[in-house]
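Numbering (my numbering), first residue to last: 920 to 1173. Idealized CB from N, CA, C, for every residue including glycine. Just so it is clear, the structure is predicted and the values come from calculations on it, not from any experiment.
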Amino acid sequence: MAQVAGSSARRNGAGPGGPGGGRTTAPGRPAPQEDVRPGRPSLSVRARDAVRQRIVDRRYPQGARLVEREVAEELRMSRVPVREALRALVGEGLLELLPHSGVRVRRLERADVEHLYEVWEPLAVQASRLAARRVAGSAPVEPPGVTALRTSLDRAEEAASDDEGTREVAAHTAFHEDIVALSGNPMLARTMEQLSGQLQLLFGMREEPQHMRAQHAVMFRYIAAGDEESAAASTLLHVRDSRAVALRSLFDDA
């Protein structure tokens, strides 16, 4: 099984200085502690976000073993927050425990993708319905979340035009997260947070046809208009198309 060390090659020219990263420390020297200032995420949260991003953009490929010490050196952190981060990512389903010790990046099998869509579909539909309801209830004032949703949509279109796949995936993920935020339901937000990493990974592995990007625009239009049922119906169509595209891209479904 491949190991992922701090010196492993990075895609797109990204080095250890990526999200939460820094220069790799010399062997035998302790990794320096990062400062913790009020209002900043904890070290374990920053480590979790950094490792998650490396999994999503496939700098840590599926099946790769992650060595706690090497990840800590790469992120220039002590091993304690990294250990906590790896445990959290096991809980998110991005990593899996090895039989004896350590973790590796989880491989997405067909059943994993099927199960993910079975859970995401009703949540995504309900999020759009609630977001549209909130817009309708606040009329004639537009909730701030509509602006965020519009911005994510525009960023996705710009990234697609520039053929920036990683940036487009991030914008598409943000679009769906913004819908959840606009719904105003914290329980839904917490539930969706558990799926976020796996969805990002899946979005990055499959193609994104033009018609699916156009579906985002339709979803936005209905949500911004406060049309609950049309927002829900357009989201259902989008998620089911996304599932079909994912299965075709990853498993050669006809």
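Endpoints, alpha helix (DSSP H) assigned at residue i
i	result
L1035	R1029 to S1057
D1073	P1063 to S1080
M1131	Q1129 to A1143
V1060	Element bounds for V1060: n/a, residue is neither H nor E.
D900	Given that the chain is displayed from residue 920 to residue 1173, the structure contains no residue 900 and the question cannot be resolved.
D976	First-last for D976: undefined, no H or E at that position.
D1160	E1147 to F1170
Rounded straight-line distance, which links the Cα of residue j to that of residue i
i	j	result
E1111	H1130	Residue identity differs from the one stated: residue 1111 is Met in this sequence, not Glu. One C-alpha to the other measures close to 24 Å.
L1013	G1123	14 Å
V999	R988	10 Å
R1162	E1028	14 Å
S1057	V1022	47 Å
E953	L962	With a pLDDT of 44 at E953, under the threshold of 50, the modelled position of that residue is not reliable, and the figure given next carries that caveat. About 8 Å.
L985	E993	11 Å
E1061	R1053	9 Å
R930	P1059	Only weak support exists for where R930 lies, its pLDDT of 35 falling under 50; the value from the coordinates is given anyway. Between R930 and P1059, the C-alpha separation is close to 47 Å.
Q1117	A1144	30 Å
H1019	R1025	16 Å
Beta-bridge pairing of residue i - partner residues as DSSP gives them
i	result
E1015	R1023
Sub-7 Å separation of residue i and residue j beta-carbons
i	j	result
E1147	A1051	yes
V1099	A1108	yes
V1001	A1055	no
V1158	E1040	yes
A991	V970	no
A1151	S1047	yes
V975	Q1113	no
Spell out a yes or no on whether the stretch 1060 to 1078 and the stretch 1132 to 1139 are touching, meaning 3 or more CB-CB pairs, one atom from each, closer than 8 Å. Put simply, the stretch 1060 to 1078 touches the stretch 1132 to 1139. At least three CB pairs are less than 8 Å apart.
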